[in-house]
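See below for the structure under consideration.
Below, the structure written as structure tokens:
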């Protein structure tokens with residue numbers, strides 16, 4: 003039997019975007035910059051988990067957190083170029099789901 007090895011980069015990518023809610027958060031941010039409450043109201047995810055995922059995505063360089071010096075403070079989340087690079091992959095998964103999932 004042929005032995006295969008998994009590409010470490012593919013493994014890391016799947017681990018990252020395969021976490022619960024991460025793909026949908028990225029999908030939501032493809033619409034453009036959004037505030038925390040906009041994201042949490044558009045997805046059935048708890049605020050705690052959304053905050054955790056956004057921090058992970060920011061650490062990985064997929065999302066940036068923009069703080070505006072206003073009163074009250076305004077914070078928006080947006081995709082970086084690295085995050086926008088997932089647009090086609092997410093679109094392909096969405097298309098696949100329309101064909102193969104009921």
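Residue numbers (this note's numbering): 3 to 104.
Just so it is clear, CB atoms sit at the ideal spot from N, CA and C, and this is done for glycine as well.
Query raised in the report: Who pairs with residue 78 in a beta bridge, going by DSSP?
Result: Numbered from 1 along the chain shown, position 76 holds the residue referred to as residue 78. The partner list for residue 78 (beta bridge, DSSP) reads 37, 68.
Query - alpha helix (DSSP H) segment containing residue 21, residue limits - result: For the purposes of this step, residue 21 is identified with residue 19 of the chain shown, where counting begins at 1. Neither: residue 21 is in no alpha helix (DSSP H) and is coded neither H nor E.
Query raised in the report: Less than 8 Å separating the beta-carbons of residue 28 and residue 85?
Result: Numbered from 1 along the chain shown, position 26 holds the residue referred to as residue 28. Numbered from 1 along the chain shown, position 83 holds the residue referred to as residue 85. Their beta carbons are under 8 Å apart, which means residue 28 touches residue 85 by this criterion.
Query raised in the report: DSSP on residue 57, reduced to helix/strand/coil?
Result: For the purposes of this step, residue 57 is taken as residue 55 along the chain shown, with counting starting at 1. The answer is helix: DSSP assigns residue 57 an H, G or I state.
Query raised in the report: Is the CB-CB distance between residue 65 and residue 56 below 8 Å?
Result: For the purposes of this step, residue 65 is taken as residue 63 along the chain shown, with counting starting at 1. For the purposes of this step, residue 56 is taken as residue 54 along the chain shown, with counting starting at 1. Against a cut-off of 8 Å, the Cβ pair of residue 56 and residue 65 comes out as a contact.
Query raised in the report: What three-state label does DSSP hand residue 48 in the structure shown?
Result: Sequence index remark: in the chain shown, residue 48 carries index 46 (1-based). Residue state, collapsed to three classes: coil.
Query raised in the report: For residue 38, which residues of its own chain have a beta-carbon under 8 Å away from its beta-carbon, when the five flanking residues on both sides are left out?
Result: Reading the chain shown from its first residue, position 36 is the one you call residue 38. Around residue 38: 49, 52, 53, 56, 77, 79.
Requested in this report: Out of 100, 75, 62, 69, point me to the one whose CA is closest to residue 83's CA.
Outcome: Position 81 of the chain shown holds residue 83. When only C-alpha atoms are compared, the closest one is 62.
Query raised in the report: Thinking C-alpha only, which one of 46, 96, 12 is nearest residue 23?
Result: Along the chain shown, one-based indexing puts residue 23 at 21. Checked all of 46, 96, 12; the closest Cα to residue 23 is 46.
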